[in-house]
Amino acid sequence: MESAYIVRYGEINIKGKNRDDFEKQLAKNIKSCLKYNNVPFEKVERKRNRILVHTNADCASLKTVFGISSLSKAVYFKYDEETIKEHVEKLLKNEEFTTFRVSVQRLDKSLPKTSIELERELGAFIVKICKKKVSLKEFDLNIQLELARDEVFLFTEKEKC
Numbered sequence: 004m005e006s007a008y009i010v011r012y013g014e015i016n017i018k019g020k021n022r023d024d025f026e027k028q029l030a031k032n033i034k035s036c037l038k039y040n041n042v043p044f045e046k047v048e049r050k051r052n053r054i055l056v057h058t059n060a061d062c063a064s065l066k067t068v069f070g071i072s073s074l075s076k077a078v079y080f081k082y083d084e085e086t087i088k089e090h091v092e093k094l095l096k097n098e099e100f101t102t103f104r105v106s107v108q109r110l111d112k113s114l115p116k117t118s119i120e121l122e123r124e125l126g127a128f129i130v131k132i133c134k135k136k137v138s139l140k141e142f143d144l145n146i147q148l149e150l151a152r153d154e155v156f157l158f159t160e161k162e163k164c
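Numbering (my numbering), first residue to last: 4 to 164.
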């Protein structure tokens, strides 16, 4: 299990034939911002319509980079339903909450289950292990997952930029 910041970007993901150039420039701007603010990082990589910043340091300075729409500190690991449950259970040990919801976004639509099916399964699992209530509108904790073909990104916060 590794941790990284997930960087989501806005308009550049619809720029067509020069989208790749815009993504490369955003990654370059992210590196420049991190270096300027003395934020240590292992690497910055473009992956599945996201940019990952591999660091354990605080990346609040990235909120000022033009083009970034949101940031999330996430753990990521190989896609496997049992592994997802293990990591969710670990995550919940450090959280205080009464109500929760699960939000799943599949970046790869070829996965065998839909987002709603996964949300229901994980919600039932959390109710079973924590004895907490699900609330889709008024919740204390939002357990969020972004799923790719071979990776899962797990986080609880999405900071707007």
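Backbone N, C-alpha and C fix where the C-beta goes; we use that ideal spot for every residue, glycine too. Quick caveat: nothing in here was measured; it's all calculated off a predicted structure.
Within the model, the alpha-carbon separation for GLU85 versus LEU157 is close to 14 Å.
Between the region 66 to 74 and the region 110 to 122 there are fewer than three C-beta pairs closer than 8 Å, too few to call the two in contact. Uninterrupted alpha helix (DSSP H) stretches at least 4 residues long and entirely within the region 53 to 102 occur at 84 to 96, given in chain order. Between THR101 and LYS135, the CB-CB gap stays under 8 Å.
Rounded to the nearest whole angstrom, the CA to CA distance from GLU89 to LEU121 is 15 Å. Below 8 Å, too few C-beta pairs join the region 51 to 64 and the region 93 to 107 to call them touching: fewer than three. Here DSSP, grouped into helix, strand and coil, assigns SER106 to strand.
About 18 Å separates the beta carbon of TYR79 from that of ALA30, a gap too long to meet the 8 Å contact definition. Judged by DSSP in its simplified three-state form, LYS161 adopts coil rather than helix or strand.
A distance below 6 Å between beta-carbons, with the five flanking residues on each side excluded, links LEU125 to the following residues of its chain, in chain order: VAL105. Beta-bridge analysis with DSSP links ARG152 to no other residue. Within the same chain, and ignoring the five residues on either side of VAL47 in sequence, the residues whose Cβ sits closer than 8 Å to its Cβ are ALA30, ILE33, LYS34, LEU37, ILE54, LEU55, VAL56, HIS57. Taking 8 Å as the cut-off, the beta carbon of PHE103 is found closer than this to the beta carbon of ILE146. Scanning ARG22, VAL130, LEU150, VAL10 for the CA closest to the CA of GLN108 turns up LEU150.
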